[in-house]
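Residue numbers (the numbering used here), protein chains in the order written: chain D, 1 to 111; chain B, 1001 to 1115.
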């Protein structure tokens, strides 16, 4: 993988259901991976900073895992709520300090 | 309040008219970066700065200049704007270089239209 890819591009989830999505990145030249939450008409806000293979981070109902050897990270949302509707971005930080964002997963929570 | 500010928030200009978008942070952050957001393309890094007087090109630096004379400010300069620079621009900062341990804080964005 040469780019940072996120899937799916868009997701509709019923309120109360759990969901997850993926960020794939180059396994070489890895320095860190960030997850951001971006609500419409606002600025991206950080969720997690992940650096070590096997890292697991959790914030409330949202958690993330990291596999640097195979080049992927999963973001999980448990018991989706309307306020979870947003675009979720992952950012791959390279060893030369450049930052490459994925195109995001747009999450819609259905009432 | 800890924040990243950008000015102006909205700008409509014409091709070739030099402009500067300012970015300032009050958190004593070392790392600052500019991004542009275009539909279907995601956030792309234009330039970044590890510290005062240290700047580097990101993925899409053509047509832009930056400077970092003071730690808090990181202006983005478009010497001769063209319509393909119409975009939503974000400035961001983080405590340390590269984001190994620290997340980025984003400004509110600048919507630029070049006619």
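Quick reminder that beta carbons are idealized off the backbone N, C-alpha and C, glycines included.
- Residue 1063 (chain B) and residue 1085 (chain B) do touch by the CB rule: their CB atoms are close to 6 Å apart, below 8 Å.
- Apart from the 5 residues on each side of it in sequence, residue 1013 (chain B) sits with its Cβ closer than 8 Å to the Cβ of 1019, 1081, 1112, 1113, 1114, 1115 in its chain, given in chain order.
- Listed in chain order, the non-local C-beta contacts of residue 1029 (chain B) below 7 Å within the same chain comprise 1093, 1094, 1095, local neighbours out to five positions each way being set aside.
- If you check the CB distance, residue 1071 (chain B) and residue 1052 (chain B) come in under 7 Å.
- Excluding the 5 residues flanking it on each side, residue 1083 (chain B) has same chain C-beta neighbours closer than 6 Å at 1114, in chain order.
- Counting C-beta atoms within 10 angstroms of its own C-beta, residue 1027 (chain B) has fewer than 16 neighbours from the protein chains shown and is therefore classed as exposed.
- The beta carbon of residue 1103 (chain B) is closer than 8 Å to those of 1094 in its chain, skipping five residues each way along the sequence.
- At least one CB of chain D lies nearer than 7 Å to the CB of residue 1100 (chain B).
- Not flagged as an interface residue toward chain D: residue 1074 (chain B), since no C-beta distance is shorter than 7 Å.
- Look at residue 1084 (chain B) here: in three-state DSSP terms it is helix.
- Assigned with DSSP and collapsed to three states, residue 17 (chain D) falls in coil, not helix or strand.
- Within the segment 23–63 of chain D, complete beta strand (DSSP E) segments of at least 3 residues are found at 30–38, 45–50, 56–59, given in chain order.
- In terms of CA proximity to residue 101 (chain D), D:90 leads the group D:90, D:108, D:95, D:109.
- Contact with chain B is absent for residue 26 (chain D), since none of that chain's Cβ atoms lies less than 7 Å from the residue's Cβ.
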